[in-house]
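Structure record follows, encoded as C-alpha cells.
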Amino acid sequence: MTETKTPVLKVTDLGIDFGGLTAVNDLSMNVYENEICGLIGPNGAGKTTVFNMLTKVYQPSRGTIELCGKSTEKMSTIEVNRAGIARTFQNIRLFMNMSVLDNVKTGLHNDISYGTIESILRLPRFAKQEKEADAKAMELLKIFGLDEKADVIAGNLPYGEQRRLEIARALATDPKLLLLDEPAAGMNPQETDELMKTIRFVRDHFKIAILLIEHDMKLVMGICERITVLNFGMMLAQGTPAEIQSDPEVIKAYLGE
Amino acid sequence: MKGLLNWLFGAKRRSRTISFMIVIVSYIVLSLMIASGSLSRLMISLLVPVCAYIVAALGLNLNVGISGELNLGQAGFMSIGAFTAVILSGIFSANGMNPVLILLICIIAGAVMASVIGWLISVPVLKLQGDYLAIVTLAFGQIIMSLVNNLYVGFDANGLHFAFVTNTLELAEGGKMLISGPMGATGVSTASTFTAGFILVLCALFVVYNLIDSRSGRAIMAARDNRIAAESVGISVSRTKTLAFVISSCLAGAAGALYALNYSSFVATKFEFNDSILLLVYVVLGGLSNMSGTIISTALLVILPEMLRFLQFYRMLIYAVVLIVIMLVSNNEWLKVKAEQLKKKLTGKRKGVQQS
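Protein chains in written order, with this note's numbering: chain A, 1 to 257; chain B, 1001 to 1356.
So this is what it looks like as C-alpha cells:
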C-alpha cells in the first residue's frame, strides 16, 4: 500500500568511509509521506552517521539521497534544512544562553524576510513579522507544553524539556522530514509515553514524515510503522515492527548467539 | 502609567531601558555641572573621549559578547575612522563648512570606511576561530597603525596629495598638511562636542539593542551558542559572524571620527595594541553581552586613571590582574550558584511588589 505514495526521502546504496574505515555501507531506505519510521541498531552501528549524511554534516562517499525526488548531493547543511529536513541531536544542542522563545524563533530564521537594516531602524515590516513569529513560536511551544516557560533561559530547563524544545525548534523550520536522534534518551517511562503521543500528534498536525533513532524498544515498536535495522554500518533488516521483532538476524545482533 | 512601566521594564526591555537611562541621566547631570562650573577642566576634556570609547566598546561587546569572537584589533578600526575624519575635515574646513555638518559627515564617513575595511578583512579572517582569529585581528591593528604612521596626506588648491614612508609632497601655496607620518594629524579643526558624543552613544545603543532583538541578532547568538545547531536550522554561520564583525567595526569607525575631531593634533600610535586591550578590559569588566555594564566600566576606566595619575606606571599591571581575577571569578561555579540565588531573591521580591 505504501508503494503508491511518493517517498519524501529516498536513500539508495548510501555509504561513507572515514579514512580506511567504512562506517556505513549499502544502505537503501525510503520514508513516505505521513509516516513514522525507525532506525535502530546496537551502539556504534552508524545510525547517527546516517543522520549526519542526510543533513550533510558529512558528505557521503557513495550513493544518493533524494528529498521529494530532488538529489541533495550538491547541498550544504543549510540548504538541506531549507529544502525540508530538520533534526534534533543525540547530545542536546540548544542555544543554551537564549530564552526558550528565542530558540524557537531562531528556527523561524528563514521564515522571516526583513533585513538587518529594517530591524535596526524598526521599520513596519519588522514589527509585523516579529509579531507573526511570536505567534507561531508560542503555538509550537504550546504543543510541547513549554508555553509557560517561554522566557526561561534554555540552559536552565530540565533535561526532558530541553529535548522537547529541540523538537519544537526543528519544527519551526517547517520541515517535510523530521529526524529525531534518540528523543527519549534520559526520559522516565511517563515522559516517554507523553513523548510518543506528542510525536504522533506532530505527524498528524503538521503532516510530515518522521525518521527516528531510538534505543527504547517500547517507543520504537509502539509508534514506528516501518523499521530499518543497522548493524556494523550494514542494513540488517527492514520491515514492520512485528517482522523485526521476529527476525532471527535482528535477535542475534541484539542478544548475541 | 503601569502599562508603560511594564513595557519599559519587562524582561525583554529592562536592560535596554536601564542603559538608555544611565546615558541620558549622566548627560543631564554632567551638562548641569558644566553650566554651574563645578566640573574641573580635566573632567570636561575627558567627556568626548569617554563617549568615543563607550561607542567603540559597545561595538566590541557586540563582537566579543554577542557573537563570541575575540577581537584584538578594535583600536585599528578606531584609527581608520579617525584618520578618515581628519582628511575629510581638512577638506571641508578649508571650504568654511559648518562644524556640526563636518562632524556629521566625518562620523558617517569614518563608520562607512571602517565597515568596508572590516568587511574586507572579515572574509579571510572569520574562516579562523578562537585564538587564531584573535591573533589575526591583533596583527591587523598593528598593520593599520604602521600604515598610518608612515602616511603623509596634504591638501591644497589642486586637491588631495598622498605620500608613503617619506614626505615627498610638494603642496601649492596655501596648502596644508593633514597627516604627516609619525607626527600624526596636525591642525585639525576641532568639531566634536559632548552633545555630539552623547547622541552618538545613544545611536550606538539603538543600533546594538535593535540588532540583538531581531532575526539577525538571534542568528548571531545562535551561531555563538552552537554552530552545528545553528546550521541545522538553516542559519549561515559565516554570514552572521561577518555581520557582527562589520557592525562592530562600523561603531569603532564612528567612535574614531568623534575622537579625532576632539583634538587639534594626535599621532597614529594613539590607537595601538594597548588600546585594543583596554577596550577589551572595558568589555570584560562590564560583563560580556552586558551593554550598560560596558558603559559604566568604560567611563570609570577612562576617568579613574586620570584621577589616579600617581599610579599610571602600574596601570597595565593593574588591568592585567583585574582581568585575571574577573576570569577566575566568573568561571567559579560556587560564586555562580550564589549569584543565581541572589538574583532569584531580588527578582522574586520585585514580582511580589508588582502584585501587591
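By construction, the Cβ of each residue, glycine as well, lies at the ideal position given by its N, Cα and C atoms.
Just so it is clear, the structure is predicted and the values come from calculations on it, not from any experiment.
- Here DSSP, grouped into helix, strand and coil, assigns A:M221 to helix.
- Judged by their CB atoms, B:A1257 and B:T1137 are not nearer to each other than the 8 angstroms cut-off.
- Chain A places a beta carbon closer than 8 angstroms to that of B:S1216, counting this residue as a contact.
- Contact annotation for B:E1231 against chain A: T77, I78 [CB-CB distance below 7 angstroms, chain order].
- Secondary structure of B:F1273 (DSSP, three-state): helix.
- For B:W1119, the CB contacts under 6 angstroms within the same chain, skipping 5 residues up- and downstream, are V1246 in chain order.
- Flagged as an interface residue toward chain B: A:G107, by a C-beta distance shorter than 8 angstroms.
- For the segment 51-71 of chain A, the residues whose beta carbon sits under 8 angstroms from a beta carbon of chain B are, in order, T55, V57.
- Interface flag for B:A1219 against chain A is set, since a Cβ pair is found closer than 8 angstroms.
- Among the bridge pairs identified by DSSP, A:T192 is matched with none.
- Rounded to the nearest whole angstrom, the C-alpha separation of B:K1241 and A:M217 is 42 angstroms.
- Distance from the CA of B:R1218 to the CA of A:M221, rounded to the nearest whole angstrom, comes to 38 angstroms.
- Within the DSSP secondary-structure output, A:C37 pairs in a beta bridge with A:L211, A:R226.
- As DSSP reads the structure, B:F1266 sits in a beta bridge with B:A1185.
- Counting other Cβ atoms within 10 Å of its Cβ, B:N1262 reaches 16 or more and is therefore classed as buried.
- Listed along the chain, the chain B residues whose CB falls inside 9 angstroms of the CB of A:Y114 are S1214, R1215.
- Taking C-beta atoms as the reference points, A:A209 and A:E33 count as a pair closer than 8 angstroms.
- Inter-segment contact for the segment 1142-1155 of chain B and the segment 1165-1174 of chain B is present: three or more beta-carbon pairs are separated by less than 8 angstroms.
- For a Cβ distance threshold of 7 angstroms, nothing in chain B lies close to A:S246: the least Cβ distance comes to about 36 angstroms.
- In terms of beta-carbon proximity, A:I120 lines the interface with chain B, with at least one pair separated by less than 8 angstroms.
- A:S76 carries a coil assignment under DSSP once its states are collapsed to helix, strand and coil.
- One thing to note: A:N25 has its Cβ within 8 angstroms of the Cβ of A:G233.
- Going by C-alpha positions, B:P1099 is about 10 angstroms away from B:T1193.
- Beta-bridge partners assigned by DSSP to A:Q59: none are found.
- Per DSSP, the beta-bridge partners of B:K1176 are B:F1155.
- For A:P7, the enclosing beta strand (DSSP E) begins and ends at 7-18.
- A Cβ-Cβ separation of about 6 angstroms places A:I153 in contact with A:S99 under the 8 angstroms criterion.
- For the C-beta of A:L94, the chain B residues within less than 8 angstroms are, from N- to C-terminus, D1225, N1226, A1229.
- Going by DSSP, A:N30 is part of the beta strand (DSSP E) stretching over 21-32.
- B:F1164 has B:L1151 as its beta-bridge partners, per DSSP.
- Closer than 8 angstroms to the CB of B:S1115 there is not a single CB belonging to chain A.
- When beta bridges are read from the DSSP output, A:E66 appears opposite A:K10, A:S71.
- Residue B:S1089 holds the alpha-carbon nearest to the alpha-carbon of B:T1190 among B:S1214, B:A1114, B:A1172, B:S1089.
- In the DSSP assignment, A:M234 forms a beta bridge with A:N231.
- Out of B:A1196, B:K1270, B:N1210, the CA that lies nearest to the CA of B:I1108 is found in B:A1196.
- Taking 8 angstroms as the threshold, the shortest C-beta distance from A:R87 to chain B falls below it.
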